[in-house]
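Student:
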Amino acid sequence: MTQRIGFITDSTCDLPPEFIDKYGITVVPAFINYNNNSYADDGVELVREKYYNDLPHLRPHPTTSAMSTGLAEEYIMRAAQDVDHLFVLTVPATLSGIYNAMRLALQRLPEDRYTLIDSGNLTFGLGWQLVIAWEIAQETGGDIDAIRKALKKIRVHTHVYCALETLEYLRRSGRVGWTAANIGALLQIKPMIHVYESEVKNDGRVRTFRRALDELAERVRKHAPLEKLAILHANNPSGARTLAEMIKDLMPPDTLTSIFITPAIGTNIGPGGVGAALVEKAWRNEPDHAIGT
Amino acid sequence: MVATKTYYSRDNLVVDGNRLKRLLGSGVLWLEKNKEKVNRLNVFPVPDGDTGTNMYLTMRHAFQRVTEITENHVGQVAVALAEGALMGSRGNSGVILSQIWAGVAEALKNEETLTADGLAEACKLANEKAYKAVQNPVEGTILTVTRHMTQTVIDHHAQMYDLVALLKKMVFAGRSALRRTPDLLPRLKEAGVVDSGGQGLVLIFEGMLFPLVGKEIAEEVVSPNEEDSWEEALEPDDELGYGYDVQFLMRGSEMNIEQVREDINNMGWSTLVVGGSELIKVHVHVHNPGEPLNYAIQLGASLDDIVVENMQAQYHQYVENRKNREEHDADTTTFEDVSTSSIAVIAVGSGRGIARVFREGFDVGAAYVILGGQTMNPSTGDFLDAINKVNADKIILLPNNKNILLAAQSAASQMDEKQVRVVPSATIPQGISAMLEYANLLTTGEPTIDEVAQAMTEALDYVVTLEVTQAVRDTVTNGLSIREGQWIGLIDDNLVTASHRMLDLIRDLFRLAGADGRERATIYYGEGVTEREAKAVVEDIRAEYDGLQYEVIAGNQPLYPYLIALE
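Going down the list, the sequences are from chains A and B. So in my numbering, spot 99 of the first sequence is number 99, and the numbers just go up one at a time. Numbering-wise, my numbering comes out as the position in the second sequence, counting from 1, plus 293.
(1) Closer than 7 Å, CB to CB, is residue 270(A) near chain B or not?
(2) Who are the near neighbours of residue 520(B) in its chain, counting only those whose CB is closer than 8 Å to its CB and skipping five residues on each side?
(3) From 217(A), 265(A), 207(A) and 280(A), pick the residue whose C-alpha is nearest to that of residue 244(B); which is it?
(4) How would you call residue 865(B), buried or exposed, if buried means at least 16 neighbouring beta carbons within 10 angstroms?
(5) For residue 603(B), which of helix, strand or coil comes out of DSSP?
(6) Which class does residue 497(B) belong to by DSSP, given the choice of helix, strand or coil?
(7) Residues of the stretch 412 to 430 of chain B in Cβ contact with chain A at a cutoff of 9 Å, in chain order, please.
(8) Rounding to the nearest angstrom, what Cα-Cα distance links residue 656(B) and residue 354(B) in this structure?
(9) Once you ignore the five residues that flank residue 440(B) on each side, which residues in its own chain have a CB closer than 6 Å to its CB?
(10) If you draw a straight line from the C-alpha of residue 715(B) to the C-alpha of residue 687(B), how long is it?
(11) In angstroms, rounded to a whole number, what distance separates the CA positions of residue 643(B) and residue 850(B)?
(12) Could you tell me which chain B residues have their CB closer than 9 Å to the CB of residue 188(A), listed as they occur along the chain?
(13) So with CB distances below 8 Å, who are the chain A contacts of residue 380(B)?
(14) When you compare the CB of residue 481(B) with every CB in chain A, is at least one pair closer than 7 Å?
(15) Does any C-beta atom of chain A lie closer than 7 Å to the C-beta of residue 346(B)?
(16) Under DSSP, the alpha helix (DSSP H) around residue 694(B) begins and ends at which residues?
(17) Under three-state DSSP, which class holds residue 75(A)?
(18) Can you give the Cα-Cα distance for residue 518(B) and residue 329(B), rounded to whole angstroms?
(19) For the stretch 100 to 117 of chain A, which residues have a CB atom closer than 8 Å to at least one CB atom of chain B, in sequence order?
(20) What did DSSP end up calling residue 405(B) once you bin it into helix, strand or coil?
(21) Touch check for the stretch 587 to 597 of chain B and the stretch 552 to 566 of chain B: three-plus C-beta pairs under 8 Å?
(22) If contact means a Cβ-Cβ distance below 8 Å, which residues of the stretch 13 to 33 of chain A contact chain B?
(23) List the residues that DSSP assigns as beta-bridge partners of residue 780(B).
(24) Quick one: what's got a C-beta closer than 6 Å to residue 56(A)'s C-beta in the same chain, skipping five residues either side?
(25) If you follow the beta strand (DSSP E) that residue 846(B) is in, where does it begin and where does it stop?
(26) Any chance the stretch 424 to 444 of chain B sits against the stretch 467 to 486 of chain B, with 3 or more Cβ pairs inside 8 Å?
(27) Helix, strand or coil for residue 679(B), going by three-state DSSP, please let me know.
(28) Using the C-alpha atoms, what's the distance from residue 146(A) back to residue 286(A)?
(29) Assuming residue 200(A) contacts residue 176(A) under a Cβ cut-off of 8 Å, what Cβ separation, rounded to an integer in Å, is found between them?
(30) Over the uninterrupted alpha helix (DSSP H) stretch that includes residue 203(A), give me the two end residues.
(31) Find out if the Cβ-Cβ distance for the pair residue 193(A), residue 205(A) is shorter than 7 Å.
(32) Going along chain A in order, which residues have a C-beta closer than 9 Å to the C-beta of residue 659(B)?
(33) Given residue 251(A), which residues of its chain have a CB within under 7 Å of its CB, disregarding the five upstream and five downstream residues?
(34) Anyone know if the C-beta pair for residue 760(B) and residue 853(B) falls short of 7 Å?
(35) Which of the three DSSP states, helix, strand or coil, is assigned to residue 325(B)?
(36) At a Cβ cut of 9 Å, what residues of the stretch 191 to 214 of chain A count as close to chain B, listed as they run along the chain?
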């Protein structure tokens, strides 16, 4: 029997509007709080370029927060009307309250109507998981079990790398423990981070942007062959272009070469960063027993 | 601070919808005034400093709904509050808060007015919902505070019809539970703070209490923009201090436990009175420990297991210990800090600032800096001495000068007990460039010493070194005719230019080194150069090379007014 499958995620997935339309994915916005106001991270309330340009000057510093349970509930109930089963994929619970907001909101639905998954990643590390899950839903006529199995395998083959202009925003976000112990600003550095399996790891420091791009290209190369690749930037399109040029030979046909990181994430990493989100082809060789199914 | 005076009147027995609205408004206002303070307490679950903001935004949205209610009906106010909070909740604390109001609304939705019994039922459901709001409830958080406030109301509502008195008890219980949150959650104890979400909740109810005891929030002094230190955050809310923790057993016959409980309750806070007619266990926090003890004696009871702890003194002790520890921590970072990391670096450099960069400029710094350089070359013996001192059996040497390379290599070959590698850094900037790779490898994995040495050696090429010094005699070299006293400029140790004018010389060095194609210039100014002079030089250079990022660091190195790293 063919099952109608729906997908819900949060705005940190960075899926552009044309993807959201094409795949019929429901995106619930996270929120950005500053100037005593709360703005939805929905691509409408905040203009990206302007927000990133303003970000260094805003005082007190903006903070981000999960959507309310009530808002999540509205989106979920609406989406549930048209489908038999909902897949809800979110940014890691270790980094955000979004997973918990979704969990509470889903309590209105019977348990067999949904699958809630902590994607362990963010921006297109989450986005690509949705895209592949959607593709599998199409191929299998909505085989819930097949989608769940695939997502478990994809998760451990999904990596996001990013070179940031400064560690300051990440430290201030308080979401990443190791940033707290960082040595004072004797020398300016650009931190490299690696997001994998719900963890934001320290991936070293560099002094120049050129080195950052070299290091990023080298890291992406280690994961080839790639099934999916997106080049990311936080208001640094020329950086994204340069990186894309450096790893042209690794690109799968549907590579996205310039994804503008959403303000909800940008608030926590600051402007200027460049990165890559990828899924290794190797996930398809993963045997079922390896994921404990 | 909440006034201790209560206005007893019939009004205090019942609160109607309009009054509840005003009280809520006061609660939101008090939270708003204190939200920065709450933000600074925030260390759990993630120290992102936004609990106050999130709780305030949640409450503001909730209160907005409340103001839309026109009927004088407590149930409608509570339902609007819950709906508004559900839609407006922000962050973990906001979600929990919205569940608290959901419980309150469920209990009161059909009630026209609020009574002590109604408050008890509301607290009970609120507490249940709060605990279900998170997957894994953690004690020492807003949940603990909610539970204690609830328990107090449930314990007392039957005897206390006076809502004002009951609300006061509730707020006291909340504060007392809040003070104990560091004992339940180690993360709070380490940070020396109480739980931020719990603080937010207490503030809301404190604010609600203000109008009932005849206080105006506008009169209350709040300093939202000052950075509270941990000492300030720990200071007791009560001007009389934290008081005493008193515990004892009462032995007697035909004692009336209900009466004892009520009487003890009126003496202090955090009361626990359990037992029967012959044996009663009393636990209470008071400012005067004599009061409950006297009371028990006067009842004719014999007392046993008396424990009186001075909580104010415990608090002072904690503050003192913590201060000592922090001072001690500040003292133990010494110049010859012996490394505990698996692979240690010994670097050569001169100048306080340069040594500091090697030691403190990285997540893992150099374990030892040997003083030396161009005119003061350390010997093989100096290296061996340092190698022996450093508490690591894998050591990397950074000579940072061509003339010192041989001594380093000779020391490395003579050392059998420890593995020693030499990274052939020829300049200070090269050594610093190598240090960054060293720190990267040690903080992101468990590399072998050869992997580290190789990565550090590769990093020598990431930087071009410009040096400025003074000619000590007339000479002709590299086709340049140089006079004694002239400034001379070197690029990667090769003398390339000379001038009587410092600025011209530096400009020349930038041009010859192809600074156009570089991203970053780090200027280490030496002994005899002031920061202002160095910055003026940088401004002049920047006018010509504005595509670079500039850093100015006091190197205090002798003989070289300027050392410049181009990356």
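Built from N, CA and C at the ideal position, the CB exists for glycine as well.
Tutor: From the atom records:
(1) no
(2) Because residue 520(B) carries a pLDDT of 41, less than 50, the predicted location of this residue cannot be relied on, and the following value inherits that uncertainty. If we look at residue 520(B) and ignore the five residues flanking it on each side, its Cβ neighbours are 333.
(3) Beyond the ends of chain B as shown, which are 294 and 860, falls residue 244(B); an answer cannot be given.
(4) Any answer about residue 865(B) is impossible in this case: the structure gives chain B only from 294 up to 860.
(5) strand
(6) helix
(7) 425, 426, 427 and 428
(8) 43 Å
(9) 420
(10) 11 Å
(11) 6 Å
(12) 813, 815, 842 and 844
(13) 68, 70 and 71
(14) no
(15) yes
(16) Neither: residue 694(B) is in no alpha helix (DSSP H) and is coded neither H nor E.
(17) helix
(18) Legend: pLDDT at residue 518(B) = 38, less than 50; position of this residue unreliable, value from coordinates given subsequently. Those two C-alpha atoms are separated by around 7 Å.
(19) 100, 101, 103 and 104
(20) coil
(21) yes
(22) 31 and 33
(23) 763(B) and 792(B)
(24) none
(25) 842 to 847
(26) yes
(27) helix
(28) 13 Å
(29) 5 Å
(30) Segment 199 to 206 is the beta strand (DSSP E) holding residue 203(A); no alpha helix (DSSP H) there.
(31) no
(32) Within chain A, no residue comes near residue 659(B); the closest Cβ sits about 13 Å away, beyond 9 Å.
(33) 229
(34) yes
(35) helix
(36) 192, 194, 201, 202, 203, 204, 205, 206, 207, 208, 209, 210 and 211
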